[in-house]
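A.B. asks: According to mature numbering (1 follows the signal peptide of the UniProt record, and there is no 0), the residues represented by the sequence shown are -22 to -1, 1 to 127, in order.
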Amino acid sequence: MRHLMKAGLIALTLALPMAAMAQNASPVGVWKTIDDETGKPKSLVRISEEGGALTGKIEKLFRPADQDQNPKCTSCEGARKDQPIIGMTILWGLKKDGNEYSGGQILDPAKGKEYKSKLTLKDNGSKLEVRGYIGAPMFGRSQTWVREQ
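1) Identify which residue in L99, A114, G90 and T122 has its Cα closest to the Cα of C51.
2) Per DSSP, what are the beta-bridge partners of T98 in this structure?
3) Based on the DSSP secondary-structure assignment, which residues constitute the bridge partners of S4?
4) Using a Cβ distance threshold of 8 angstroms, determine whether the stretch 42 to 59 contacts the stretch 24 to 31, with at least three qualifying pairs required.
5) Taking DSSP as the reference, what is the three-state secondary structure of G56?
6) Can you name the residues that DSSP bridges to R24?
7) What did DSSP end up calling T67 once you bin it into helix, strand or coil?
8) Can the beta-carbon of G34 be found closer than 7 angstroms to that of L69?
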């Protein structure tokens, strides 16, 4: 009985900090984006918080050696037209709303289109579900990004 109590106390001691970390997890950091069609890594995006809202910039692209390693956003419109994709802000205006971050926008540089967006942390903050949509969240698609260590 005494061994069971010790084991229970040790498990509780180890579990409490992990639960606290999961509750306080934030999307701030570097994320590897995964192409939802091919399953291959596409880029590294650094998410930061500015004035209570999240923004994300592309830091690196994973492209085959025979492709342009610093492409421009030829499909974008306005100020982003023909600007380098590396360094471009593709995620902005997301604010914490319960267990998710919503109310922002995401840019798909390949298509030059902007979508409403929401983010949800998964797996104790090691994965990020990123949803881009038009109108309502049910009219969109999701990608799972993986936190870089």
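Using N, Cα and C, we set each Cβ at its ideal position, and we do this for glycine too.
C.D. replies: In short:
1) To locate residue 51, count along the sequence shown from 1; it is residue 73. For the residues L99, A114, G90 and T122, the minimum Cα distance to C51 belongs to G90.
2) Here residue 98 refers to the residue found at position 120 of the sequence shown. Residue pairing for T98: DSSP places it in a beta bridge opposite E78 and E107.
3) Against the sequence shown, residue 4 aligns to sequence position 26. Per DSSP, S4 has no beta-bridge partner at all.
4) Taking a cut-off of 8 angstroms on C-beta distances, the stretch 42 to 59 does not touch the stretch 24 to 31, as fewer than three cross pairs fall below it.
5) Position 78 of the sequence shown, counting from 1, holds the residue named residue 56. Note: G56 maps to helix in three-state DSSP.
6) Stepping through the sequence shown from its first residue, residue 24 is reached at position 46. Paired residues: V8 and K35.
7) Position 89 of the sequence shown holds residue 67. Correct three-state label for T67: strand.
8) Looking up residue 34 in the sequence shown gives position 56. Looking up residue 69 in the sequence shown gives position 91. Going by C-beta atoms, G34 is nearer than 7 angstroms to L69.
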